[in-house]
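Chains X and A, in that order, are what the protein sequence lines are.
For the record, in the first sequence the residue sitting at position 196 is 178 according to the working numbering, with numbers rising by one throughout.
For the record, in the second sequence the residue sitting at position 92 is 74 according to the working numbering, with numbers rising by one throughout.
2 protein chains.
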Amino acid sequence: MTAVEERGISQAVIGRLPRYYRYLGDLKSEGVERISSQELSRIMNVTASQIRQDFNNFGGFGQQGYGYNTSYLYEEIGKILGLNKQHDMILIGAGNLGQALVNYMNLKNRGFSFKGAFDVNPSLFDKRIGNVPIYPMDRMPSYISENHIDIAVLTVPKAAAIEITGVLAKTPIKAIWNFAHVDLKVPDRIQVESVHLQDSLMKLSYNIRRHEEGK
Amino acid sequence: MTAVEERGISQAVIGRLPRYYRYLGDLKSEGVERISSQELSRIMNVTASQIRQDFNNFGGFGQQGYGYNTSYLYEEIGKILGLNKQHDMILIGAGNLGQALVNYMNLKNRGFSFKGAFDVNPSLFDKRIGNVPIYPMDRMPSYISENHIDIAVLTVPKAAAIEITGVLAKTPIKAIWNFAHVDLKVPDRIQVESVHLQDSLMKLSYNIRRHEEGK
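So, in structure tokens, the structure goes:
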């Protein structure tokens, strides 16, 4: 699989890959060695045709009459997702949410590891989040270069997020995982994925109202 | 606007409403009284035709030659999102992530308010998260009924999330905001919105790999 072959793949397909990866990981740990697209369709509640179309974007993963090899499919999707590589991360903004993410992610994801945290609050500089040291914000650009950091995790207020994104654009950072309630503008070489918690809650609120009025 | 008129609206449209709401809130606080779909298109980086199509699902919000009334549009989208009502929430799982969400959300969102937290760890029962008391898990079902709780926020491990969802299905809870790394099965009357943090990070990892190989 080369990048050229992947060129036409939509972000919608990409967005579904982690879910396949999750279900295949579960099947693998349950000892299921092979699975048909029909069976995968049933447990994931998507059509078998959707699954085959999604997988065909990556060469189809060699389904035969008796289905996919679970371990092989899991490993291959993992490689497509870049999970065979270690990603070093920094936290920018060591408040409640940031600290929780460091504790949560360093526990759960061996491939994604927080190396340092940065904040503007001097009272935090002698503290750690688990094993992760907290440094002054102005050390952030040099730290990224020296430690080959891939991903900056932004858990700062909106205005600070915009300002810091400008600083990050001048570093070799590869990606921003954004928790600030704002859409970031970055150069094409920097990937951005936003988790807008408030947007998610508003969608839930909409669906509550819709359901109640539809009664 | 009745629920009947809204029936055909896709979750994709609904998913865009919070972003409109966010931008309109910003414009409002900057003192912008009217805005054309062209101008809104430019700042939001979507087509003006998309904006008009989305808004037409809700009757169009009376755009005239000189554009939309910013405050009116903000209020109307807020009503559609059910933000004119107070939503009472409980936290289930008072670990790092859960505690951070309580602190973060009770600060930022006046319409969404955590009233209580529940955990299985007895050492937490005499503690609070900000002003929010932590109770034993077995009090959760009666607490929901007695306090008219709308939304349960799930920040527990996968296996616990599945078990607790079964308990929640027997209460009058209206919605689950799910942070567990699993897809929940619920009765139709319960709305679910999942924040899969690991899926989001995997998507970022994919885009980093794609970009590097595409160089």
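Every residue, glycine too, gets a C-beta built ideally from N, C-alpha and C.
Backbone CA spacing between residue i and residue j [nearest angstrom]
i	j	result
A:Thr153	A:Asn88	24 Å
A:Glu204	X:Glu175	Residue 204 of chain A is absent from the model: chain A starts at -17 and stops at 197.
A:Gln35	A:Tyr48	18 Å
A:Gly93	A:Gly60	11 Å
A:Ile74	A:Arg16	43 Å
X:Gly112	A:Lys140	23 Å
X:Ala(-15)	X:Ile190	Model confidence at X:Ala(-15) stands at a pLDDT of 41, short of 50, so the residue's coordinates are unreliable and nothing is read from them.
A:Ser(-8)	A:Tyr56	20 Å
A:Val149	A:Pro123	7 Å
X:Met(-17)	X:Tyr50	At X:Met(-17), the pLDDT of 42 sits below 50, so the modelled position is not reliable and the matter cannot be decided from this model.
A:Arg192	X:Asp181	27 Å
X:Lys109	X:Asn78	14 Å
X:Ala157	X:Gly196	42 Å
A:Glu12	X:Gln20	53 Å
X:Ile126	X:Leu136	14 Å
A:Pro115	X:Ala134	34 Å
A:Asp101	A:Phe43	45 Å
X:Leu155	X:Ile172	Leu is not the amino acid found at residue 155 of chain X; the sequence shown has Ile there. Roughly 7 Å separates the two Cα atoms.
X:Gln32	X:Arg1	13 Å
A:Leu(-1)	A:Asn66	15 Å
A:Tyr3	A:Gly80	26 Å
A:Gly41	A:Ser53	17 Å
X:Ile(-4)	A:Gly64	31 Å
A:Val177	X:Pro104	32 Å
A:Val168	A:Thr147	7 Å
A:Ala30	X:Asp120	40 Å
X:Arg24	A:Ala(-6)	24 Å
X:Asp8	A:Asp8	43 Å
X:Trp265	A:Val28	With chain X represented from -17 up to 197, any question about residue 265 of chain X goes unanswered, as that position is not in the structure.
A:Ser18	A:Lys97	41 Å
A:Ile62	A:Val14	22 Å
X:Glu(-13)	X:Asn38	Residue confidence for X:Glu(-13) is low, a pLDDT of 47 falling below 50, so the modelled location carries little weight; the figure read from the coordinates is stated next. About 11 Å.
X:Leu6	A:Lys10	47 Å
X:Val84	X:Val138	14 Å
X:Val164	A:Leu22	15 Å
A:Met26	X:Asn129	35 Å
X:Glu145	A:Glu58	31 Å
Counterpart residues of residue i in DSSP-defined beta bridges
i	result
X:Phe100	X:Ile74 and X:Tyr117
X:Asn244	Residue 244 of chain X lies beyond the stretch modelled for chain X, which goes from -17 to 197, so this question has no answer here.
X:Glu95	First, the amino acid is wrong: residue 95 of chain X is Ser here, not Glu. According to DSSP, which records beta bridges pairwise, X:Ser95 is partnered with X:Asp70.
X:Ile111	X:Val114
Per-residue DSSP class, three states only, for residue i
i	result
A:Gly44	helix
X:Ala142	helix
A:Leu166	coil
A:Asn129	coil
X:Gly148	helix
X:Gly49	strand
A:Arg192	helix
X:Pro154	coil
Beta-carbon spacing of residue i, residue j below 9 Å
i	j	result
X:Leu179	X:Ala143	no
X:Tyr117	X:Ala99	yes
A:Ser95	X:His69	no
A:Ala82	X:Ala82	yes
A:Ile131	A:Met184	no
A:Ala76	A:Leu106	yes
Near the ligand SAM: residue i beta-carbon under 8 Å from a heavy atom
i	result
X:Gly64	As presented, the structure is devoid of all ligands, the ligand SAM included, so that no description of it is given.
Proximity test, Cβ basis, 9 Å: residue i and chain B
i	result
X:Arg4	You won't find chain B in this structure, because its protein chains are X and A.
### Query
For the region -9 to 42 of chain X, which segments carrying the alpha helix (DSSP H) assignment without a break, of at least 4 residues, lie completely within its bounds, in sequence order?
Entirely contained in the region -9 to 42 of chain X, the alpha helix (DSSP H) runs reaching 4 residues are, in chain order, -7 to 11, 19 to 26 and 30 to 38.
### Message
In chain order, what are the residue ranges of uninterrupted beta strand (DSSP E) at least 3 long that sit wholly in the region 63 to 89 of chain A?
### Response
If we require 3 residues or more, the beta strand (DSSP E) runs fully inside the region 63 to 89 of chain A come out as 69 to 74.
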